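Here the structure comes first, spelled out in structure tokens, and everything after it is commentary.
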Amino acid sequence: MSYSKACCSIPAVTSTYEAIGSMENIGDLPMYTVGPKDAKKAVLVIYDIYAMHNNTKQFCDILAKHCGWRVVMPDFFRGDDAHGKMDSMDTLLAWLGKVGTIEIIAPQIERVQNYLKEQGVVAATLVGFCWGAKIAVQITSQLPFFVGASMIHPSFVDVKDAESAGAPILALPSKDEPDMTEYFEILSKKPFGSLCEHYRFDDMVHGFCAARGDYDNEENRKRATEAIQLTVNFFSKCFNASA
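Taking full-length UniProt numbering, I'd label the letters of the sequence shown as residues 1 to 243.
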């Protein structure tokens, strides 16, 4: 398994963005939501280790505007994040082991899935940043309601996740992420292999679409918008293939 060193070294940026969505609660699980409430399709965003950062909410807002689907982002960490835990990878991994394993996150995503179904959503996809990208791919092997996953500047990349993936995967690694050729060779052999896509953003740093990005920087904003458009186009194909 490979992780980006930038995951434990690049701090989150300061953002003054004001989100346009709203917070809801599914029991004790807070969730940011934006987009039409009556949408039949949804995107579940799994944030990075900086959790409910303004930049990540901004990504959700732009995504919802581009696609017209409902976009939801659960606060799995319940108000906590990686601040104060970045002194070493050991410290970070110990914290993630308590709050962010697939065993801990999957039941919460299933709760969100059930909530979305009650709201009339018939299919959904996943966006995962950094740590969340790994979780997103793992969820496709457990919950067929999610018909595709976009991995954006992924960390903890493991070919075993590709082997067990249950839906088409889009990968958008930055210059700080490892080569994913082997990962996609495995995915290409899946029944949905022809739908999988892989684009590198080698001019961007880890986190450019989420908490480490700078949406006030013209080039960063441009490339993040391109990543969102690629994600929307990819999800459109996934929804059509699953219909």
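C-beta atoms are modelled at their ideal positions from N, C-alpha and C, and glycine is treated no differently. Predicted model, so just to flag it, every value in this text is computed and none were measured.
- Cβ neighbours of Y17 within its own chain (closer than 6 Å, five residues either side excluded): N54, Q58.
- Shown here for C67: same chain residues with a beta carbon closer than 6 Å to its own, the five before and five after excluded, namely V232 in chain order.
- Contact annotation: the region 67-85 touches the region 22-37, with at least three C-beta pairs closer than 8 Å.
- If you ignore the 5 residues before and after I135, its C-beta comes within less than 7 Å of the C-beta of I46, I102, I105, G128, all in its own chain and listed in chain order.
- Fewer than three pairs of CB atoms, one per stretch, sit closer than 8 Å, so the region 78-96 makes no contact with the region 200-210.
- When E163, D158, A167, R111 are compared, the shortest CA-CA separation from P178 is found for D158.
- One thing to note: A227 has its Cβ within 7 Å of the Cβ of L172.
- In this structure, the straight-line span from the alpha carbon of G193 to that of I152 is close to 19 Å.
- In the three-state reduction of the DSSP assignment, L143 falls in the coil class.
- In its chain, beyond the 5 residues on either side, A106 have a beta carbon closer than 7 Å to the beta carbon of Q142.
- A direct Cα-Cα distance of roughly 24 Å separates G132 from K189.
- Considered as a whole, the region 137-204 harbours 159-164, 181-188 as its complete alpha helix (DSSP H) runs of no fewer than 4 residues, in chain order.
- No Cβ-Cβ contact shorter than 7 Å links A124 with L195.
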